[in-house]
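Contents: one structure, followed by commentary.
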Amino acid sequence: MSYMKFTIMPRKTFDIIKLALHGCTNRPFYHIVLLKNISPRDAPPVEQLGTYDPMPNIFNEKIVSLDVDRIKFHLANGVALSRPVEKLLGLSGMLPVHPVSYLTAMRNKRKLVSETTKQEKESTDVK
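The numbering of the sequence shown is my numbering, which starts it at 341 and goes up by one.
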């Protein structure tokens, strides 16, 4: 009787563009990097493709810088994208707007409408 030897299949590796966290406590700063999919978030990147500062500056802007030519090159070669990077590229106009961005905008609009109606109701009750 022969026994089959089970071999561990090697994990398929592919490249992915994702955010690598840099910065310090309470002050995040991200590098948009190209990594292998099995690499941890803060591993040394294959290539840095941009930066993202999620903290609003004095003009209430969140700053994103992208190397558009290199990102287009990697997308043409079939690189995967993480969800936050898809959202950033959608908001920047490189890709179609991500559905999560639509949902977030819809939720924010509903919240704003409910707050304004609540304030109007309170102001009419006070009179």
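Cβ atoms here follow ideal geometry from the backbone N, Cα and C, with glycine treated the same way.
Proximity of residue 390 and residue 407 at Cβ, strictly below 8 Å: Stepping through the sequence shown from its first residue, residue 390 is reached at position 50. Stepping through the sequence shown from its first residue, residue 407 is reached at position 67. In contact: residue 390 and residue 407 (Cβ atoms closer than 8 Å).
How far does the alpha helix (DSSP H) with residue 432 in it extend, from its first residue to its last? The count along the sequence shown starts at 1 and reaches residue 432 at position 92. Unbroken alpha helix (DSSP H) run through residue 432: 423-432.
Tell me, please, which residues DSSP counts as bridged to residue 387. Here residue 387 refers to the residue found at position 47 of the sequence shown. Note: residue 387 sits in a beta bridge opposite 374.
In whole angstroms, what is the alpha-carbon distance linking residue 455 and residue 367? In the sequence shown, counting from the first residue as 1, residue 455 sits at position 115. In the sequence shown, counting from the first residue as 1, residue 367 sits at position 27. Looking at the two C-alpha atoms, the distance is approximately 29 Å.
Residue environment, residue 442, which counts as buried when at least 16 other CB atoms sit within 10 Å: Along the sequence shown, one-based indexing puts residue 442 at 102. Around the C-beta of residue 442, fewer than 16 other C-beta atoms lie within 10 Å, and the residue is accordingly described as exposed.
In whole angstroms, give me the CA-to-CA distance for residue 378 and residue 354. For the purposes of this step, residue 378 is taken as residue 38 along the sequence shown, with counting starting at 1. For the purposes of this step, residue 354 is taken as residue 14 along the sequence shown, with counting starting at 1. Approximately 8 Å, taken between the alpha carbons.
Does the beta-carbon distance from residue 359 to residue 439 come in below 8 Å? In the sequence shown, counting from the first residue as 1, residue 359 sits at position 19. In the sequence shown, counting from the first residue as 1, residue 439 sits at position 99. Taking 8 Å as the cut-off, the beta carbon of residue 359 is found no closer than this to the beta carbon of residue 439.
If you check the beta carbons only, do residue 372 and residue 357 fall under 8 Å apart? Translated into positions along the sequence shown, residue 372 becomes position 32. Translated into positions along the sequence shown, residue 357 becomes position 17. Residue 357 is positioned such that its CB atom lies closer than 8 Å to that of residue 372.
Please determine, among 375, 388 and 393, the residue with the shortest C-alpha to C-alpha distance to residue 364. Numbered from its first residue, the sequence shown carries residue 364 at position 24. Comparing Cα positions, the closest option is 393.
I'd like the list of long-range same chain contacts for residue 329, defined as Cβ closer than 8 Å, with 5 residues on each side in sequence excluded. The requested residue 329 does not occur in the structure, where the chain is confined to residues 341 to 467.
What residues in its chain sit with their C-beta under 6 Å from that of residue 426, if we drop five residues either side in the sequence? Locating residue 426 in the sequence shown gives position 86, where the first residue counts as 1. 438.
What residue range does the alpha helix (DSSP H) around residue 359 cover? Locating residue 359 in the sequence shown gives position 19, where the first residue counts as 1. It is not in any alpha helix (DSSP H) - residue 359 instead sits in the beta strand (DSSP E) that spans 355-364.
Using the beta-carbon count (16 or more within 10 Å), is residue 414 buried or exposed? In the sequence shown, counting from the first residue as 1, residue 414 sits at position 74. Under the 10 Å beta carbon count, residue 414 is surrounded by 16 or more other beta carbons and is classified as buried.
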